[in-house]
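Data first, discussion second: the structure below is written as structure tokens.
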């Protein structure tokens, strides 16, 4: 089999979109931050318009999302770390029952912290938004998060690791 034939087989076997994605480098950290800010601002513009927020309401929402985002990112990072630890424990045949118990208990505590963060977020939003605006926000935020996960899962190698 010639090199040209082998190359043709490989090109036909790999979808064009995968080749295109693989040839695109990941954004550098400074570009990534600018891209994240741009995506966040577009979301904030869209949801603010849909909820008919005035400038002050939009700014309060922005501030809340930025402050809450830091806490949520911390929780997400801890979740990733615990999931990795759990996967490693499962792969390791010598993991003790005590280690499994600790990891599962840590995951349970983390879920309670996430629920507490959810409750705190919605209490804060209730001080700023009407019930209708809260409902719109919840729906739009869920859609936004789902879309981010979908995009991240389609990238080569899955979601970016921080």
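Residue numbers (the numbering used here): 67 to 228. The beta carbon of each residue, even a glycine, is placed where N, CA and C say it ideally should be. Remember, it's a predicted structure, so these values are computed and weren't measured experimentally.
**Asked** For residue 191, which residues of its own chain have a beta-carbon under 6 Å away from its beta-carbon, when the five flanking residues on both sides are left out?
**Response** When the five nearest sequence neighbours on each side are left out, the beta carbons in the same chain lying within less than 6 Å of the beta carbon of residue 191 are those of 200, in order along the chain.
**Request:** Return the first residue and the last residue of the alpha helix (DSSP H) that residue 162 is part of.
**Result:** Residue 162 -> no alpha helix (DSSP H), and no H or E assigned at all.
**Message:** If you measure between the beta carbons of residue 214 and residue 117, is that distance less than 7 Å?
**Reply:** No, the Cβ-Cβ distance between residue 214 and residue 117 is not below 7 Å.
**Item:** C-alpha gap between residue 177 and residue 208, whole angstroms
**Value:** 18 Å
**Item:** CA nearest to the CA of residue 181, picked from 138, 125, 151, 169
**Value:** Minimum Cα-Cα distance from residue 181 among the listed residues 138, 125, 151, 169 corresponds to 138.
**Boundaries of the alpha helix (DSSP H) in which residue 142 is found, first to last residue** = 121-157
**Request:** Kindly indicate which three-state DSSP category residue 208 falls into: helix, strand or coil?
**Result:** Helix, per DSSP.
**Message:** Could you compute how far the alpha carbon of residue 179 sits from the alpha carbon of residue 221?
**Reply:** 30 Å
**Asked** What residue from 148, 125, 112 has the CA that sits closest to residue 205's CA?
**Response** Ranked by Cα distance from residue 205, the options 148, 125, 112 are led by 112.
**Asked** DSSP three-state call for residue 89: helix, strand or coil?
**Response** Unreliable placement is indicated for residue 89, whose pLDDT of 46 sits below 50; the coordinate value is still reported in the next sentence. Here residue 89 sits in helix by DSSP.
**Message:** Contact between the stretch 116-133 and the stretch 163-178 is defined here as three or more beta-carbon pairs at a separation below 8 Å; is this criterion met?
**Reply:** no
**Message:** In this structure, how does DSSP classify residue 110 when only helix, strand and coil are distinguished?
**Reply:** The answer is helix: DSSP assigns residue 110 an H, G or I state.
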